[in-house]
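Residue numbers (UniProt numbering): 1 to 300.
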Amino acid sequence: MGIVCFGASSVLLCAEDRNSVFGLGGCGGGDGDGDVVGVGEVGSGGLYFLDAGGAVFPVDSDEFVAMLVEKEMDHRPQRGYVEKLELGGLESSWRKDSIDWICKVHSYYNFGPLSLYLSVNYLDRFLSSFNLPHDKSWMQQLLSVTCLSLAIKMEETVVPLPVDLQVCDAKYEFEARNIKRMELIVMEALKWRMQAVTPFSFFSYFLHKFSQGNPLSCTLASWCAELAVGTLKDSRFLSFRPSEIAAAVVLAVLVENQFVVFSNALAASEIPVNKASLSLGFVQTCTDAPPYLCTDARCF
Numbered sequence: 001m002g003i004v005c006f007g008a009s010s011v012l013l014c015a016e017d018r019n020s021v022f023g024l025g026g027c028g029g030g031d032g033d034g035d036v037v038g039v040g041e042v043g044s045g046g047l048y049f050l051d052a053g054g055a056v057f058p059v060d061s062d063e064f065v066a067m068l069v070e071k072e073m074d075h076r077p078q079r080g081y082v083e084k085l086e087l088g089g090l091e092s093s094w095r096k097d098s099i100d101w102i103c104k105v106h107s108y109y110n111f112g113p114l115s116l117y118l119s120v121n122y123l124d125r126f127l128s129s130f131n132l133p134h135d136k137s138w139m140q141q142l143l144s145v146t147c148l149s150l151a152i153k154m155e156e157t158v159v160p161l162p163v164d165l166q167v168c169d170a171k172y173e174f175e176a177r178n179i180k181r182m183e184l185i186v187m188e189a190l191k192w193r194m195q196a197v198t199p200f201s202f203f204s205y206f207l208h209k210f211s212q213g214n215p216l217s218c219t220l221a222s223w224c225a226e227l228a229v230g231t232l233k234d235s236r237f238l239s240f241r242p243s244e245i246a247a248a249v250v251l252a253v254l255v256e257n258q259f260v261v262f263s264n265a266l267a268a269s270e271i272p273v274n275k276a277s278l279s280l281g282f283v284q285t286c287t288d289a290p291p292y293l294c295t296d297a298r299c300f
C-alpha cells in the first residue's frame, strides 16, 4: 500500500510513484521517514497541511465536520445488524466470505484503502436491509463483485471492467449485464447514498486536532488508513460511528509514535464525538493494531 495523504473531506490516495488526484505532486521525495507536513493559515481563516513538496492539504472546519457527524448516521447499517452478525447466521457467513474475497481482489489490483472501506460499507448496509435467500448461494458472489465495482467507480482513477474483477478464485462468473442489474439493486437499497461518510472523512481533521503542534507526515496518515482498514473484518467496530473510529485510529497512531499522551490529548481537544465511545474504540483499536502500533502500555 502506498503513502496516503488526506485533504478536506476527501482523501488523496497517492503512492510514492504516483501523482495526487489533485495534481499537487506525490507524497514521496522525502528523507525516507515520510514527508513532514506543516500547518499554516489560509485567507479564509481555515487551515491547511503543507508537505515538503509544497502540496496543500486543507483541514475541514469545525462546522463542516459537525455536519459530517450528523450525516454519518445515514451511511451506517440498519439497527439490529450487529446483533444478527453476533448470532452467526447467514448474514455473518455472507459477510465473512465477501470481505475475504473483496480483500483478495483489492490487493490483486492494488486499489487504494478508501475503495476497500467503501466496498465493505456498501456490503454491510445492503446485508442489513435485505432478506437474504437461503437457496441462492451464487448471489453472495454477485453481491461481492457489485460492492467492489461500485466502490472503485467512486474512488479509483483507473477502473477495470466489472467482469474483470472476477479473479482470485471467484466461485461464479457473471455477465456484465447481470452485474449492472445488481448494481442498480444495491444502489436503490442504499437510497443512492454512495458518497458515504467513513473514518477517512475525518482523518485530516483529527490529525490536526490531536497533534498539538507537532509536525505531521504522510506516513502517519498512511498508518491511519491501514489501521482503519484493519478494523473491517471485526464486526464489533460496527457499533462505533465513523467519526469515533477515525478519532480512535488517529490517537492510536499518534500515541504509539509518541506525538501525544492519550489522556492529555483527549482532555485538551474540543471534538464533536462522544469521548466515552472514543475511549472504548481506542482500546479496541489498540488491541487489533498491527505490531508497530499500540503494542505496549504507552497506549494507555
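Virtual Cβ for every residue (Gly too), placed ideally from N, Cα, C.
Small disclaimer: the values here were computed from a predicted structure and weren't measured.
Any idea if residue i is buried or exposed, counting beta-carbon neighbours within 10 angstroms, 16 or more meaning buried?
i: Lys-209; result: buried
i: Ser-243; result: buried
i: Ser-217; result: buried
i: Leu-87; result: exposed
i: Arg-193; result: exposed
i: Leu-227; result: buried
i: Gln-78; result: exposed
i: Leu-161; result: exposed
i: Asp-62; result: exposed
i: Met-182; result: buried
i: Thr-157; result: exposed
i: Glu-173; result: exposed
i: Asp-60; result: buried
i: Val-120; result: buried
i: residue 301; result: Limits of the chain in this structure are 1 at one end and 300 at the other, which puts residue 301 out of reach.
i: Asp-234; result: exposed
i: Leu-238; result: buried
i: Leu-184; result: exposed
i: Trp-138; result: exposed
i: Glu-72; result: buried
i: Asp-124; result: buried
i: Glu-188; result: exposed
i: Val-186; result: buried
i: Ser-98; result: buried
i: Ala-66; result: exposed
i: Ser-129; result: exposed
In terms of residue numbering, what span does the alpha helix (DSSP H) encompassing residue i cover?
i: Cys-168; result: Per DSSP, Cys-168 belongs to no alpha helix (DSSP H) and is neither H nor E.
i: Lys-71; result: 62-71
i: Phe-210; result: 203-210
i: Leu-87; result: 81-87
i: Val-250; result: 242-256
Counting Cβ pairs, one atom from each stretch, are 3 or more of them under 8 Å apart for the stretch 148-157 and the stretch 112-131?
Contact between the stretch 148-157 and the stretch 112-131 is established, with three or more Cβ pairs separated by less than 8 Å.
Pick out the complete alpha helix (DSSP H) segments inside the UniProt domain "Cyclin-like" (100-188), 4 residues or longer, and give them in chain order.
Along the length of the UniProt domain "Cyclin-like" (100-188), whole alpha helix (DSSP H) runs at least 4 residues long occupy 113-127, 138-155, reported in chain order.
For the stretch 169-188 against the stretch 217-224, are there 3 or more C-beta pairs whose distance is under 8 Å?
The stretch 169-188 vs the stretch 217-224: no contact.
Quick test of the definition: if touching needs 3 or more C-beta pairs under 8 Å, does the stretch 133-141 touch the stretch 195-210?
Under the Cβ criterion (8 Å, minimum of three pairs), the stretch 133-141 does not count as touching the stretch 195-210.
Check whether the stretch 91-107 and the stretch 240-254 touch, using three or more Cβ-Cβ pairs below 8 Å as the test.
Between the stretch 91-107 and the stretch 240-254, the count of C-beta pairs closer than 8 Å stays below three; the two stretches do not touch.
Taking 8 Å as the threshold, find out whether the stretch 138-146 comes into contact with the stretch 192-203 through three or more Cβ pairs.
Short answer: they don't touch.
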